[in-house]
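Taken in order, these protein sequences are the chains called A, B, C and D.
Okay, so the first sequence: first residue is 0 according to numbering that gives the first Met the number 0, each after it adds one.
Okay, so the second sequence: first residue is 0 according to numbering that gives the first Met the number 0, each after it adds one.
Okay, so the third sequence: first residue is 0 according to numbering that gives the first Met the number 0, each after it adds one.
Okay, so the fourth sequence: first residue is 0 according to numbering that gives the first Met the number 0, each after it adds one.
Ideal placement from N, C-alpha and C gives every residue a C-beta, glycine not left out.
There are 4 protein chains.
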Amino acid sequence: MAAALDGEIEFVCGAFSSDPNKSRLSGEDFYLSSDRVYGSYKEMIETEKTLPEGERMDFVSIVTPNHVHFGPAKMALENGFHVVCDKPLSFDMDEANNLVDLVQKTGLIFALMHNYTGYPMVKQARHIIKNGDLGKIRKIVVEYTQGWLMDFIESTNQKQAAWRTDPKRSGIAGAMGDIGTHAENLAEYITGLKILELCADVSTLVDGRLLDDDGSVLLRFDNGARGILFASQISAGEENSLAIRVYGTKAGLIWGQLEPNTLEVKYQDGPKKIYRTGVGDLSPEAQAHTRIPAGHPEGYLEAFANIYRNFAKCVQARLDGTKVDPIYDDFPTVEDGARGMNFIYKVIESGKSDKKWVKV
Amino acid sequence: MAAALDGEIEFVCGAFSSDPNKSRLSGEDFYLSSDRVYGSYKEMIETEKTLPEGERMDFVSIVTPNHVHFGPAKMALENGFHVVCDKPLSFDMDEANNLVDLVQKTGLIFALMHNYTGYPMVKQARHIIKNGDLGKIRKIVVEYTQGWLMDFIESTNQKQAAWRTDPKRSGIAGAMGDIGTHAENLAEYITGLKILELCADVSTLVDGRLLDDDGSVLLRFDNGARGILFASQISAGEENSLAIRVYGTKAGLIWGQLEPNTLEVKYQDGPKKIYRTGVGDLSPEAQAHTRIPAGHPEGYLEAFANIYRNFAKCVQARLDGTKVDPIYDDFPTVEDGARGMNFIYKVIESGKSDKKWVKV
Amino acid sequence: MAAALDGEIEFVCGAFSSDPNKSRLSGEDFYLSSDRVYGSYKEMIETEKTLPEGERMDFVSIVTPNHVHFGPAKMALENGFHVVCDKPLSFDMDEANNLVDLVQKTGLIFALMHNYTGYPMVKQARHIIKNGDLGKIRKIVVEYTQGWLMDFIESTNQKQAAWRTDPKRSGIAGAMGDIGTHAENLAEYITGLKILELCADVSTLVDGRLLDDDGSVLLRFDNGARGILFASQISAGEENSLAIRVYGTKAGLIWGQLEPNTLEVKYQDGPKKIYRTGVGDLSPEAQAHTRIPAGHPEGYLEAFANIYRNFAKCVQARLDGTKVDPIYDDFPTVEDGARGMNFIYKVIESGKSDKKWVKV
Amino acid sequence: MAAALDGEIEFVCGAFSSDPNKSRLSGEDFYLSSDRVYGSYKEMIETEKTLPEGERMDFVSIVTPNHVHFGPAKMALENGFHVVCDKPLSFDMDEANNLVDLVQKTGLIFALMHNYTGYPMVKQARHIIKNGDLGKIRKIVVEYTQGWLMDFIESTNQKQAAWRTDPKRSGIAGAMGDIGTHAENLAEYITGLKILELCADVSTLVDGRLLDDDGSVLLRFDNGARGILFASQISAGEENSLAIRVYGTKAGLIWGQLEPNTLEVKYQDGPKKIYRTGVGDLSPEAQAHTRIPAGHPEGYLEAFANIYRNFAKCVQARLDGTKVDPIYDDFPTVEDGARGMNFIYKVIESGKSDKKWVKV
């Protein structure tokens with residue numbers, strides 16, 4: 000849905016299941032031509048590669064569990080296809096490093112789906128901070144809380160829960176990999192700062208679970224700012240609450256994904272300002288990622304679509320031999336993905352350590 | 000964007016401007032085949048009609064100013080095409096009545112784009128009331144406030160302002176037709192009640208403007224409930240605030256379009272309940288109009304898309320000779336459009352009258 | 000509690016019941032000297048009058064049902080005592096006019112307890128409008144909704160419900176007198192405008208009730224602004240929601256009593272501003288009515304106490320023969336009370352009329 | 000103001016400054032008898048002690064900087080006076096332990112002013128958790144953020160800033176002592192759990208400051224629950240945001256001091272419930288700490304007054320030789336104060352340590 004939203008991307012082929020029959024049925028749902036519905040990503044890449052330019056797919060979008068990111072991503076890149084990939088980047092750090100190398104070597108375009116950075120008010124927040132309106136950043140609180148794994152639902156047939164809590168499919172981390180990395184990415188994206196050191200308490204609070212479902216992390220950033228990051232999938236009643244607060248020497252700001260069209264900037268000595276998607280003289284970046292007039296809420300799919308749209312514009316420019324407007328050259332990269340993987344590793348390392356600080 | 004969201008509707012042709020060159024350029028933006036970009040709706044309907052079944056368009060979507068609803072709607076219906084049409088239904092009451100007759104005569108499917116009824120929480124609100132959870136309805140407050148016409152911007156080149164404030168293109172009403180009808184439709188849709196009588200104060204508060212830009216209406220409903228409806232386009236700082244409150248003998252409810260995924264039900268003798276899109280055991284209607292998991296905000300385009308999706312399912316069922324699941328047979332009809340036109344007429348009549356109540 | 004809050008008013012005597020025993024027991028609860036607990040207001044005023052200056056009470060506070068405002072107010076004024084009186088001013092219009100005359104004749108100080116104007120953010124709103132920051136006012140929406148009379152509780156022993164719905168104790172109006180006047184007073188106080196004409200739909204929605212419990216009123220103000228006022232005591236689930244929105248040619252503002260420390264000013268072309276009690280460079284009026292630092296919520300009693308405190312400062316200045324700082328010479332007067340009574344009469348008249356507009 | 004609110008406590012004497020003249024002037028402001036305005040707490044306690052029973056003060060309220068808690072508290076207790084004391088309990092741990100001993104030895108009543116536990120919705124939250132409605136508690140997030148010390152204002156004449164950032168008057172901690180202990184107390188009070196271990200990052204982010212102004216603490220509670228506590232006085236634009244979230248195996252809850260009359264309980268599988276002060280069938284504890292009807296906001300002073308009122312009722316019962324209703328035997332004790340002092344010590348110790356966890 001997100002990819003289709005702007006009419007810039009056409010869904011032309013796919014491999015939807017390792018069961019060819021299931022794959023075929025999914026392809027029908029998407030009204031794909033039956034000869035372009037494949038039984039495996041390998042078959043897809045091999046066959047599409049043989050199609051004439053202009054007809055064959057332009058890029059691959061990987062929306063599988065973590066342990067099936069690396070294989071298709073590698074093969075796509077090696078066969079000349081650009082890639083959009085779900086986060087976290089890969090199953091383990093080696094795969095992540097391999098992908099970074101491969102992208103650098105091939106020069107192909109790679110977008111990692113940290114979709115939350117696609118919201119217009121995230122762009123506005125980043126602009127405000129870049130502009131110095133908050134002064135020097137001193138404190139960051141970023142959180143991502145959910146409650147959907149509060150019970151041991153991986154023991155039932157819940158498909159999403161099953162792979163996300165399975166170390167063989169998800170990797171070394173559960174909540175910290177699934178949503179903790181979104182929080183890390185958002186904090187670094189909005190502030191432009193990098194995490195230098197961390198100290199984590201990583202827990203599995205649901206009996207029987209094999210991976211972490213809750214974690215709290217003290218952070219120190221490269222400019223000296225302090226931070227807290229917490230991610231939880233057992234916070235009963237929380238839907239999908241990704242939220243960030245940034246405090247500088249001049250002002251503070253708050254943004255949360257549950258009301259994504261609102262951005263609050265707070266001052267110690269005057270009224271708060273509430274920025275709203277589409278209202279007033281927002282930054283060019285915020286405007287470029289807004290589709291409809293003020294007061295018509297844009298949501299998750301629109302933000303997601305912004306990543307796809309920007310990626311598509313970059314791919315199109317590459318196809319056309321032109322340069323993309325820099326305002327659209329804005330999506331998470333394979334390097335962001337490797338940073339995220341490293342963050343996961345350091346959090347898990349810290350969680351097991353008696354030492355307070357772990358360097359990132 | 001809304002029509003494309005669910006992958007059920009393909010954009011195959013269009014007439015985008017009375018200037019053939021402009022129309023062609025728009026068609027290119029949409030990646031349409033050039034032979035299906037037309038210079039006028041007449042050309043489009045005539046030509047498409049000659050195409051073989053399965054290739055020709057299945058329906059027409061009319062997104063023009065009010066004075067250009069009737070022509071294409073009539074011609075589409077007369078040539079066997081289903082229709083989706085922007086609100087209000089038409090330029091005047093005669094056209095509205097003609098369209099009702101034509102739809103009844105042809106048996107074709109006609110959807111009027113009161114898009115706000117597409118929100119999942121509007122479906123939930125309707126369900127709760129239908130279920131009797133509010134008791135007998137006694138009081139309804141519905142409002143639609145905007146500020147974008149607070150200045151005389153029709154004197155500049157603002158295209159939307161120009162036609163919406165022009166009696167030759169908009170009809171007898173400004174704000175009351177443009178957004179007042181949305182409020183009327185929402186109130187009747189959610190409560191299942193009908194307005195019997197009204198008393199309106201209709202004003203033009205910006206100097207030089209030719210149509211109303213603010214109106215307040217006292218309402219009496221067919222079950223004896225009292226109501227207030229107000230619509231304004233000069234309420235400085237309001238974005239697009241459509242909101243409704245319904246009070247019954249057992250409980251009250253509140254919903255507003257600016258935070259569309261939240262529905263509040265209030266009790267006199269216990270805690271309020273906050274329903275959220277995707278959370279918990281919502282009504283089948285709410286669930287059927289939700290795309291993504293809880294906590295991932297769905298917005299205006301998704302609600303809009305729900306109307307298109309339901310319409311598309313009805314058209315598809317007609318094409319397939321099957322019956323559509325009644326849960327999807329849910330979109331505003333040509334009769335709703337005629338009710339809306341009548342509401343506009345009665346509001347304007349009341350605004351000019353010294354008598355207190357006008358029967359609807 | 001409100002009178003005591005600032006330590007400027009000492010509770011020295013009272014008449015708490017027509018039953019002398021009950022009155023005595025109440026007096027004990029307040030730790031009053033037993034010889035200053037009276038069996039009737041008459042006894043109280045007569046006796047206190049004979050006490051030496053400096054010992055006798057300085058003013059009378061009348062907190063009885065509407066039909067027992069006039070008697071004690073008149074007698075207090077005639078005997079040289081200043082008066083604080085609950086709203087509405089009196090049982091009927093004649094009493095109201097009498098009291099206006101009496102206050103003018105005696106020159107005594109009279110405060111009417113429209114307590115909601117005591118909030119700091121109401122002062123700030125008034126200041127902002129006075130300052131022209133909203134431009135010319137065009138539209139006012141003021142509402143006061145409650146749900147506590149949604150059932151026929153006057154048939155039980157609910158004391159407050161019993162007298163407030165009883166025409167013999169409350170007067171000609173129920174909800175419109177009890178809370179509608181608060182809304183009217185707030186709108187005129189904040190904007191400085193006066194209501195010129197109105198058109199009301201006044202209803203009794205609970206079977207068996209003798210007075211109105213719901214009303215909606217279209218308003219026209221003396222500067223041409225349009226308005227809506229609605230008051231309801233049958234809005235299920237509403238606690239005590241007095242709220243106002245004012246829209247001018249430059250900006251709009253919103254304030255509501257349920258979150259009284261927040262004032263929102265909205266602009267069409269830039270971020271909203273959120274003023275908060277105690278934060279930043281507020282108007283002198285807002286600051287003078289704030290007791291504690293920012294972020295420590297002040298509520299109903301504090302606002303109520305502001306009226307008492309201002310009244311007390313005026314009485315003290317009178318006693319001292321000095322002039323009070325004009326910032327404290329700010330509380331509703333007997334004239335405001337008479338305006339309120341007239342508003343009630345005109346609303347009830349309009350409610351029964353077939354004519355649209357009634358002059359105020 | 001808080002002590003006076005309920006009419007249960009009369010202000011009879013005081014020592015307001017070490018400068019006798021200043022003390023006298025303050026006494027006049029409070030309308031105290033001049034012979035009971037003292038030049039020092041020593042003079043006050045010595046003199047009051049000699050007054051006849053019923054006339055002399057019943058208790059002492061200590062509202063001085065931290066380094067002047069111990070002296071007057073000790074002397075008051077040793078001379079038979081009950082004590083209300085500001086938090087944190089004392090300047091250092093030794094003083095705290097001494098006071099605990101002294102209260103136990105004398106049997107006198109001692110209330111520590113953790114005023115935020117006085118809010119009705121805090122009582123309701125505690126009731127809900129005690130009742131098991133949240134299930135077993137797994138995760139607690141408690142925060143107390145302010146921005147008022149974001150600049151080096153202790154270098155100006157700001158009196159509050161001067162002593163609170165001065166190790167000679169405040170003790171070993173700044174923000175963590177001043178507000179961190181409120182957060183700790185609130186978390187333990189609401190949940191009934193105790194902190195077992197902690198890991199803190201304690202920072203001074205404003206140049207030149209002598210004590211911490213920001214701290215983040217990972218917590219482990221005695222039932223295995225994880226927690227985060229953060230307190231900051233440099234969070235630009237934050238007023239006084241004490242807030243807590245508690246997640247259990249059944250549900251979660253959220254309360255914040257900025258909107259103290261609202262308590263949110265969240266469920267994974269149904270609508271959220273919003274409890275409001277005064278609405279519906281609240282717990283007896285919540286009701287006993289509410290003064291006015293629903294929808295009339297109660298704030299900081301009312302919560303503060305609840306601590307005083309409960310303390311006063313206990314003192315009164317002691318004077319009367321009766322037993323107080325257990326619902327009122329509810330205020331922070333000297334032992335809570337000692338726990339708070341220990342918390343401060345452990346946080347500061349952890350802040351300086353390379354070891355991850357410090358036992359509490």
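Any beta carbon of chain B sitting closer than 8 angstroms to that of Pro-270/D?
yes
Smallest Cα separation from Lys-249/C: which of Thr-248/B, Gly-236/B, Gly-106/B, Ile-253/B?
Gly-236/B
Measuring alpha carbon to alpha carbon, tell me which of Glu-27/D, Gly-38/D, Ile-8/D, Ala-224/D ends up nearest Lys-135/D.
Ala-224/D
Where does Asp-319/C fall in DSSP's three states?
helix
Which parts of the segment 86-132 of chain C are runs of the alpha helix (DSSP H), unbroken and 4 residues or longer, counting only runs that do not cross its ends?
92-105, 119-129
Just to make sure I have the definition right: I need the residues of chain B whose C-beta is within less than 9 angstroms of the C-beta of Val-264/A. Which are they?
By Cβ distance, chain B contributes nothing, its closest Cβ being about 17 angstroms from Val-264/A, past 9 angstroms.
At a CB distance below 9 angstroms, what residues from the segment 280-300 of chain B approach chain A? Give them in sequence order.
Arg-290, Ile-291, Pro-292, Ala-293, Gly-294, His-295, Pro-296, Glu-297, Gly-298, Tyr-299, Leu-300
Compute the beta-carbon to beta-carbon distance between Phe-109/C and Thr-289/C, rounded to the nearest angstrom, for a pair I have assumed lies under 8 angstroms.
Wrong, their Cβ atoms sit about 26 angstroms apart, outside the cutoff.
Residues of chain A with a CB under 9 angstroms from the CB of Val-278/B: which are they?
Per Cβ cutoff of 9 angstroms: Gly-236, Glu-238.
Note down, in chain order, every chain A residue with its Cβ under 7 angstroms from the Cβ of Tyr-274/C.
Pro-270, listed in chain order.
Less than 7 angstroms between the CB of Val-201/B and some heavy atom of the ligand FMN, yes or no?
Summarising the ligand content, the structure contains no ligands, and the ligand FMN is consequently not present.
Count the C-beta pairs between the segment 94-104 of chain C and the segment 336-352 of chain C that are closer than 8 angstroms, then say yes if the count reaches three, no if not.
yes
Taking 8 angstroms as the CB-CB cut-off, is Met-0/D touching chain C?
yes
Terminal residues of the continuous alpha helix (DSSP H) containing Val-333/B?
333-351
Tell me the DSSP secondary structure of Val-264/B in three-state form.
Residue state, collapsed to three classes: strand.
Check each candidate in Lys-48/C, Asn-130/C, Gly-79/C, Trp-162/C and name the one with the smallest Cα separation from Asn-65/C.
Trp-162/C
Tell me, please, whether the CB atom of Phe-151/A is closer than 8 angstroms to any CB atom in chain D?
no
For Asp-280/B, which of Lys-322/B, His-126/B, Pro-270/B has the nearest alpha-carbon?
His-126/B
Looking at the unbroken beta strand (DSSP E) that takes in Trp-254/B, where does it start and where does it end?
251-255
Using a threshold of 8 angstroms, state whether the C-beta atoms of Gly-173/D and Leu-210/D are closer than that.
yes
Using Cβ-Cβ distances below 7 angstroms, what residues of the segment 14-45 of chain D are close to chain C?
Phe-29, Tyr-30
Tell whether a beta-carbon distance below 8 angstroms holds between Cys-198/D and Cys-12/A.
no
Step through the CB atoms of chain B and report whether any lies within less than 8 angstroms of the CB of Ser-352/C.
yes
Ile-189/B to Ser-234/C, Cα distance in whole Å?
17 angstroms
Just to confirm my understanding: we take Ser-60/A, look at its own chain, exclude 5 residues before and 5 after, and list those with CB closer than 6 angstroms. What are they?
Val-83
What does Tyr-6/A reach in chain B if we use C-beta pairs closer than 9 angstroms?
For the sequence presented, residue 6/A should be read as Gly rather than Tyr. The contacting residues are Met-0, Ala-3, Phe-10, Asp-28, Phe-29, Tyr-30.
According to DSSP, is His-181/D helix, strand or coil?
Three-state DSSP puts His-181/D in a helix.
Please report the Cβ distance between Val-216/C and Val-346/C, rounded to the nearest whole angstrom; I am assuming they are in contact, meaning their Cβ atoms lie under 8 angstroms.
6 angstroms
If we count Cβ pairs, one from each stretch, closer than 8 angstroms, do we get three or more for the segment 257-271 of chain A versus the segment 261-275 of chain C?
yes
Are any of the Cβ atoms in chain B nearer than 8 angstroms to that of Trp-254/C?
No, Trp-254/C lies away from the interface with chain B (no Cβ there is under 8 angstroms from its Cβ).
For a contact meaning CB atoms closer than 8 angstroms, what does Leu-217/D contact in chain A?
Under the 8 angstroms cutoff, chain A gives Cys-198, Asp-200, Ser-215, Leu-217.
Rounded to whole angstroms, how far is the Cβ of Ala-293/A from the Cβ of Val-278/A, which I believe are closer than 8 angstroms?
Yes, they are in contact, since the Cβ atoms of Ala-293/A and Val-278/A sit about 5 angstroms apart, within 8 angstroms.
Between which two residues does the alpha helix (DSSP H) holding Gly-214/C run?
Element bounds for Gly-214/C: not the alpha helix (DSSP H) but the beta strand (DSSP E), 213-220.
Pull up the distance between the alpha-carbon of Asn-276/D and that of His-81/C, whole angstroms please.
Here residue 276/D turns out to be Thr, not Asn, going by the sequence shown. Going from the Cα of Thr-276/D to the Cα of His-81/C covers about 35 angstroms.
My output table needs one value for Asp-18/A: the three-state DSSP class, helix, strand or coil.
coil
Taking C-alpha atoms, which residue in Ser-16/D, Gln-145/D, Glu-142/D, Ala-3/D lies nearest to Phe-10/C?
Ala-3/D
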